[in-house]
Amino acid sequence: MKIESLARSIEGHHAAHLHCHVLIDPLAVTAGSDHALLARLRETLGEAALTRVQRADLAHAPHLHPVLACLASPGSFPSSDLLELTARAAYRGLHQHRRYLSGWLFSEAPPATVAAHLTAMCRLPNAERAFSFYPIYEPVRLELLAATFKQVEHGPWWPINNWLFLSSGGRLVHLNGQDGQRHSLPEPALRIQNDVELIEQLLAAWRMLRAGSSVLNQREIPPFAAVRASNFIDEARMLGLSATHDIQVFALYHLCLHSRLHTVPAVRSMIDAAAKGQRPLKHMFAQYTDGQWQRTVESLPGSEGLR
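Residue numbering for the sequence shown follows this note's numbering, beginning at 48 and increasing consecutively.
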């Protein structure tokens, strides 16, 4: 999706009765051009259009709290130039560890209400009902949280009518907030949020491999790559892997080669050996040549073969 097309898609979700916001995360490590985005928004929109999203874990550094910038109030429409500026920043962030631009939010509620809601929804309870802060407005975290709901509209988005962001694979995602009954957080949600660092490491490694020349570079990164990575982490644990390095290798090879790789007897034997602590999975998988992996994948059913 080109910048102009993305900007038009975002604009298409606005309506005259809504506020249009863009969410900026100053905590992200970014290029200088991204830092200039917030300065440009402040200069164009004015300080009154910027609302901080409070983070209790960063109470000592309020300048690092996310910024909700109101691009348009009810009765007005966002500037095409600003939408394209934010779309460009969103695309740049796809390959960064943390994204400077988190997404676009449309709501009937005033900015202070939306900011307070974002703060509240980032406080997630564990089994003992103790709350911790998780920045689930970050696109990868938001993608993973949304995927835990059987019906995405049951997520805690309201009073945000429309929440747009780029997924881990670069697709524009639309979450639709609905007023009414609140639904409880799905059981796996907190566990998956605790896996985010591992998931992001896998995505970074996958992107690096895509730029290389090995057999591991030949599968396209899908729109919801973070969800797939999370699923393979779960599968690795179900098969008995517990060491982080073994889980990473298992997930990476399944992401890059085939989702049923572990069903091949020779591969399963290596996984079982790693699960027993006999040898790291990385060393065993490294014994296979690219040609052997190619033949292994070709022996599996389905349409996941390498191109």
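Note that CB positions come from ideal geometry on N, CA and C, so glycine has one too.
Any idea what DSSP makes of residue i, helix, strand or coil?
i	result
T343	helix
W253	helix
F124	coil
R89	helix
G140	helix
F271	coil
G13	A question about residue 13 goes unanswered here, because the residues of the chain that appear run from 48 up to 354.
C117	strand
F180	strand
H357	Only positions 48 to 354 of the chain appear in this structure, which leaves residue 357 out of reach.
T133	helix
V311	coil
T98	strand
H221	strand
P327	coil
R145	coil
R335	One detail in the question is off: residue 335 reads as Tyr in this sequence, not Arg. Looking at Y335 - three-state DSSP - the assignment turns out to be coil, as it is neither helix nor strand.
H201	helix
H301	helix
H164	helix
Q295	helix
H61	coil
R229	coil
S277	helix
P348	coil
E175	coil
R354	Residue confidence is low: R354 scores 45 on pLDDT, short of 50, so the model does not pin down where it sits. No coordinate-derived value is stated.
A159	helix
R82	Contrary to the premise, residue 82 reads as His rather than Arg in this sequence. H82: helix per DSSP, three-state reduction.
A75	coil
From what residue to what residue does the alpha helix (DSSP H) around residue i run?
i	result
N264	Where N264 is concerned, there is no enclosing alpha helix (DSSP H), given that its DSSP letter is neither H nor E.
V187	P186 to A194
R55	I50 to E58
Q240	A236 to N241
I need the straight-line Cα distance from residue i to residue j, nearest angstrom please.
i	j	result
R354	Y138	Below a pLDDT of 50, predicted positions are generally treated as unreliable, and R354, at 45, falls in that range; the measurement from the model is reported next regardless. Rounded to whole angstroms, R354 to Y138 spans 26 angstroms at the Cα level.
H144	P157	31 angstroms
T310	Q339	16 angstroms
H60	E247	29 angstroms
N264	R188	25 angstroms
E234	Q295	23 angstroms
I71	K329	38 angstroms
H164	E155	13 angstroms
R146	L250	14 angstroms
L130	M255	30 angstroms
A283	E244	16 angstroms
R266	L304	7 angstroms
L74	P113	8 angstroms
C67	S123	9 angstroms
W205	S346	47 angstroms
C169	G140	21 angstroms
M62	I207	One point to set straight first is that residue 62 is Ala, not Met, in the sequence displayed. If you take the alpha carbons of A62 and I207, they lie about 13 angstroms apart.
P312	H301	15 angstroms
R257	L288	25 angstroms
S127	L118	10 angstroms
T343	A290	25 angstroms
V100	R89	16 angstroms
E293	N278	Before going on, a small fix: residue 293 reads as Asp here, not Glu. Roughly 15 angstroms between the two C-alpha positions.
D376	T166	Outside the displayed range of the chain (48 to 354) lies residue 376, so it cannot be described from this structure.
L211	Q225	15 angstroms
Q334	G349	25 angstroms
P186	L192	10 angstroms
I268	H221	20 angstroms
So residue i packs on residue j, CB below 8 angstroms; how close in whole Å?
i	j	result
E200	N223	5 angstroms
L97	A116	5 angstroms
Q325	V262	With a Cβ gap of about 25 angstroms, Q325 and V262 do not count as contacting.
R102	F180	7 angstroms
A136	T195	Not quite, the Cβ-Cβ distance comes to about 28 angstroms (not below 8 angstroms), so this is no contact.
L286	A322	6 angstroms
A134	L53	4 angstroms
Q240	L171	7 angstroms
Would you kindly report the start and end of the unbroken beta strand (DSSP E) that includes residue i?
i	result
A290	A290 -> no beta strand (DSSP E), and no H or E assigned at all.
V69	H66 to I71
F212	I207 to L213
R170	R170 to P172
The ligand ZN and residue i: does any heavy atom of the ligand fall closer than 7 angstroms to the residue's C-beta?
i	result
T166	Absence of the ligand ZN from the depicted structure is noted, as is the absence of any ligand whatsoever, leaving it without description.
Can at least three beta-carbon pairs, one atom from the segment 207-218 and one from the segment 270-287, be found at a separation below 8 angstroms?
-> yes
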